[in-house]
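Peer 1: First the structure, then my questions, so here it is.
There are 2 protein chains.
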Amino acid sequence: SSAILKPDDFVGISFWLISMALVASTAFFFLERDRVSPKWKTSLTVSGLVTLVAAVHYFYMREVWVETGSTPTVYRYIDWLITVPLLMIEFYLILSAIAKVPAGVFWRLMVGTLVMLVGGYVGEAGYVAVMPAFIVGMIGWAFILYEIFAGEASKINATSAPKSVQSAFSTMRWIVTIGWAIYPIGYYFGYLTGHSPADSAGTLNIIYNLADVLNKIAFGLIIWTVAVTESENSK
Amino acid sequence: SSAILKPDDFVGISFWLISMALVASTAFFFLERDRVSPKWKTSLTVSGLVTLVAAVHYFYMREVWVETGSTPTVYRYIDWLITVPLLMIEFYLILSAIAKVPAGVFWRLMVGTLVMLVGGYVGEAGYVAVMPAFIVGMIGWAFILYEIFAGEASKINATSAPKSVQSAFSTMRWIVTIGWAIYPIGYYFGYLTGHSPADSAGTLNIIYNLADVLNKIAFGLIIWTVAVTESENSK
Ligand SMILES: CC1=C(/C=C/C(C)=C/C=C/C(C)=C/C=O)C(C)(C)CCC1
Ligand SMILES: CC1=C(/C=C/C(C)=C/C=C/C(C)=C/C=O)C(C)(C)CCC1
Numbered sequence: 370s371s372a373i374l375k376p377d378d379f380v381g382i383s384f385w386l387i388s389m390a391l392v393a394s395t396a397f398f399f400l401e402r403d404r405v406s407p408k409w410k411t412s413l414t415v416s417g418l419v420t421l422v423a424a425v426h427y428f429y430m431r432e433v434w435v436e437t438g439s440t441p442t443v444y445r446y447i448d449w450l451i452t453v454p455l456l457m458i459e460f461y462l463i464l465s466a467i468a469k470v471p472a473g474v475f476w477r478l479m480v481g482t483l484v485m486l487v488g489g490y491v492g493e494a495g496y497v498a499v500m501p502a503f504i505v506g507m508i509g510w511a512f513i514l515y516e517i518f519a520g521e522a523s524k525i526n527a528t529s530a531p532k533s534v535q536s537a538f539s540t541m542r543w544i545v546t547i548g549w550a551i552y553p554i555g556y557y558f559g560y561l562t563g564h565s566p567a568d569s570a571g572t573l574n575i576i577y578n579l580a581d582v583l584n585k586i587a588f589g590l591i592i593w594t595v596a597v598t599e600s601e602n603s604k
Numbered sequence: 370s371s372a373i374l375k376p377d378d379f380v381g382i383s384f385w386l387i388s389m390a391l392v393a394s395t396a397f398f399f400l401e402r403d404r405v406s407p408k409w410k411t412s413l414t415v416s417g418l419v420t421l422v423a424a425v426h427y428f429y430m431r432e433v434w435v436e437t438g439s440t441p442t443v444y445r446y447i448d449w450l451i452t453v454p455l456l457m458i459e460f461y462l463i464l465s466a467i468a469k470v471p472a473g474v475f476w477r478l479m480v481g482t483l484v485m486l487v488g489g490y491v492g493e494a495g496y497v498a499v500m501p502a503f504i505v506g507m508i509g510w511a512f513i514l515y516e517i518f519a520g521e522a523s524k525i526n527a528t529s530a531p532k533s534v535q536s537a538f539s540t541m542r543w544i545v546t547i548g549w550a551i552y553p554i555g556y557y558f559g560y561l562t563g564h565s566p567a568d569s570a571g572t573l574n575i576i577y578n579l580a581d582v583l584n585k586i587a588f589g590l591i592i593w594t595v596a597v598t599e600s601e602n603s604k
């Protein structure tokens, strides 16, 4: 039988809060699909898939945390391995609403994602020393940032897309920069301060959890806002 | 294995009843969305999210109560921390159907909510003496009431909105006054009468549960009524 959440387990409370917020977000994105014009429907579907997949993982992660107080690393990375590519697809869909986008852009974003996550996983799971693994992860992320700020993906935006789509693109770009930066900060506090990972588990998880609220839920809400605005304008 | 509800556990029965009513309400709001015109759909979505999130929490709270006979404080507040902001969003959506509403209104309602709930939580969870915590919570609620009766949010209503929207706004305002007043009454009977909190747990929970029926389900039904009426008028 499962353990009961303690009133002073704030990390556990954050797992719980977010798991519920993810359930609500999923229902929201799936239901609101029918309000937007056809070309925006897929974007809302994908937003809802991100929160759906994450919701299921949060239920499992919550359980691991509440029962053992240890970091649910493997569930976390399984979640990211599905949700980060979905976010990259989302990015690509927004880009495609602006212009014809070469498939190479998409594949480079995927390669960056994979390097980033494999780097992080081998470090957190203890296969490789935490510092070199961190560096590999950072290189993957830097590669994504290069692609969207200076590479082919960045050039696409210059063309004449509707204002709201352009501003969505630029907001999403900042989310991938500022919002995603929270994860390596979490990794730093979890593994690179010299304390034992067991002692830092609370900090690590609360930082990752907060980052997920921003990058999964807020990211989806931005897309919903553009989708609704654009659908109403095109009426 | 989980304990079985006893026929004389009336608090447990109220948890059970409400958890089921919330499931039904969720299905109702989500299904009825397709009857209303696009601008009302989000309001019904949000009503359904409130009851969905609450339904899940009531399943857990019910279990805690039936198995241990103790107050499920932490689940209750996690629920409120999601559903009260959703109700504030609902309020804001109705206001926005009347006029252009400055974002500051929304943020002030959120700040009031947070002060109210943090005050209540630190009191009920035992971090702070129950009386000062209660006062902090009351200040948060007073701040919300000020905003909607005398602040910027109250001024918006004066303009010429459709009758049904105006009357919905005024009903919602009274719900936030009279309906929400039931919660501090519950807190009073739970912690401020001089009896031990364990002895008062039944009273506390039955009062909170009744308040939730009104503030989650009846509140949603009011919105559903306006949405349906307005959608038919605009045909
Ligand atoms: C850079 C870096 C990291 C970045 C992780 C990121 C950016 C994860 C993003 C997850 C998202 C956005 C999930 C949303 O659903 C790690 C692996 C923590 C450690 C290695 C260095
Ligand atoms: C004023 C006050 C309280 C008010 C709580 C309220 C008003 C909760 C509302 C919950 C709702 C509306 C949930 C609906 O989904 C507390 C925290 C009990 C105690 C401190 C003083």
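So the protein sequences, as listed, match chains S and Y.
Numbers given in the working numbering equal positions in the first sequence, counted from 1, plus 369.
Numbers given in the working numbering equal positions in the second sequence, counted from 1, plus 369.
Think of the CB as a built atom: it goes at the ideal place given N, C-alpha and C, for glycine as much as any other residue.
(1) How about LYS524 (chain Y): is its C-beta nearer than 8 Å to some C-beta of chain S?
(2) Using 8 Å as the threshold, is the C-beta distance between GLU455 (chain Y) and SER412 (chain Y) below it?
(3) Determine the closest residue to ILE551 (chain S) out of S:ASN578, S:SER539, S:MET541 and S:VAL422, with distance taken between C-alpha atoms.
(4) Mind checking if ASP399 (chain Y) is an interface residue toward chain S, Cβ cutoff 8 Å exclusive?
(5) Return no unless some Cβ of chain S is closer than 8 Å to the Cβ of ARG402 (chain Y).
(6) Report yes if the CB atom of GLY506 (chain Y) is closer than 8 Å to the CB atom of THR482 (chain Y), and no otherwise.
(7) Confirm the yes/no value for this check: CB of MET485 (chain Y), any heavy atom of ligand 2, distance under 7 Å.
(8) Is it true that the stretch 422-430 of chain Y meets the stretch 377-391 of chain Y, where meeting means three or more beta-carbon pairs spaced less than 8 Å apart?
(9) Under the three-state reduction of DSSP, which class applies to ASP377 (chain Y): helix, strand or coil?
(10) So TRP385 (chain S) contacts chain Y; which residues on that side make the cut at Cβ distance below 7 Å?
(11) Taking 8 Å as the threshold (beta carbon to beta carbon), is LEU413 (chain S) in contact with chain Y?
(12) Indicate the three-state DSSP secondary structure (helix, strand or coil) for VAL405 (chain S) in the structure shown.
(13) Alpha carbon to alpha carbon, how far is GLU436 (chain Y) from GLY563 (chain S)?
(14) What residues in the stretch 462-480 of chain S bring their beta carbon closer than 7 Å to a beta carbon of chain Y?
(15) What's the gap between the Cα of VAL470 (chain Y) and the Cα of ILE547 (chain S)?
(16) Could you round the C-beta distance between TRP434 (chain S) and PHE384 (chain S) to whole angstroms and report it? I think they count as a contact, below 8 Å.
(17) What distance in whole Å lies between the Cβ atoms of VAL534 (chain Y) and ALA466 (chain Y), which are believed to be in contact at a cut-off of 8 Å?
(18) Let me know if ALA518 (chain S) comes out buried or exposed under the rule of 16 or more other beta-carbons within 10 Å of its beta-carbon.
(19) Is DSSP giving GLY495 (chain Y) helix, strand or coil here?
(20) Taking the continuous alpha helix (DSSP H) assigned at THR442 (chain Y), which residues delimit it?
(21) Residue ranges of each beta strand (DSSP E) run of no fewer than 3 residues wholly in the stretch 517-544 of chain Y, ordered along the chain?
(22) On a CA-only basis, which of Y:ASP568, Y:ASP581, Y:GLU432 and Y:TRP409 is nearest VAL597 (chain Y)? Give me that one, please.
(23) Given this structure, state the Cα-to-Cα distance separating PHE460 (chain Y) from MET479 (chain Y), to the nearest angstrom.
(24) Within the continuous alpha helix (DSSP H) that includes VAL582 (chain Y), where are the two ends?
(25) Confirm the yes/no value for this check: CB of PRO566 (chain S), any heavy atom of ligand 3, distance under 7 Å.
(26) Quick one: what's got a C-beta closer than 6 Å to ALA372 (chain S)'s C-beta in the same chain, skipping five residues either side?
(27) Please list, in chain order, the chain Y residues whose beta carbon lies closer than 9 Å to that of PRO376 (chain S).
(28) With burial defined as no fewer than 16 other Cβ atoms inside 10 Å of the residue's Cβ, what is the status of GLY381 (chain Y): buried or exposed?
(29) Less than 8 Å separating the beta-carbons of THR414 (chain Y) and LEU400 (chain S)?
(30) State the CB to CB distance for the pair GLU599 (chain S) and PRO531 (chain S), rounded to an integer number of angstroms; the pair is presumed to be in contact (CB under 8 Å).
(31) Measure the C-alpha to C-alpha separation of TYR405 (chain Y) and TRP543 (chain Y) and round it to an integer number of angstroms.
(32) Quick check on VAL425 (chain Y): does DSSP put it in helix, strand or coil?
(33) Give the single residue among S:VAL499, S:ILE513, S:THR442 and S:PHE558 whose Cα lies nearest to the Cα of GLY473 (chain S).
(34) So, is LYS585 (chain S) buried or exposed, given that buried needs 16 or more other C-beta atoms within 10 angstroms?
Peer 2: Walking through what the data contain:
(1) no
(2) Just to set this straight, residue 455 (chain Y) is Leu in the shown sequence, not Glu. Not a contact, by the Cβ cut-off of 8 Å.
(3) S:ASN578
(4) Strictly speaking, residue 399 (chain Y) in this sequence is Phe, with Asp absent from that position. Chain S, which has a Cβ nearer than 8 Å to the Cβ of PHE399 (chain Y), makes this yes.
(5) yes
(6) no
(7) yes
(8) yes
(9) coil
(10) ILE447
(11) no
(12) coil
(13) 43 Å
(14) none
(15) 29 Å
(16) 5 Å
(17) 6 Å
(18) Going by the sequence as given, residue 518 (chain S) is Phe instead of Ala. It counts as exposed.
(19) coil
(20) 442-467
(21) none
(22) Y:TRP409
(23) 11 Å
(24) Looking at the DSSP string, VAL582 (chain Y) is not in any alpha helix (DSSP H), and its letter there is neither H nor E.
(25) No copy of ligand 3 occurs in the structure displayed; its ligands are ligand 1 and ligand 2 alone.
(26) VAL435 and GLU436
(27) THR442, VAL443, TYR446, TYR490, GLU493, ALA494, GLY495 and TYR496
(28) buried
(29) yes
(30) 6 Å
(31) Note that residue 405 (chain Y) is Val in the sequence shown, not Tyr. If I take the Cα positions, the gap works out to 25 Å.
(32) helix
(33) S:ILE513
(34) buried
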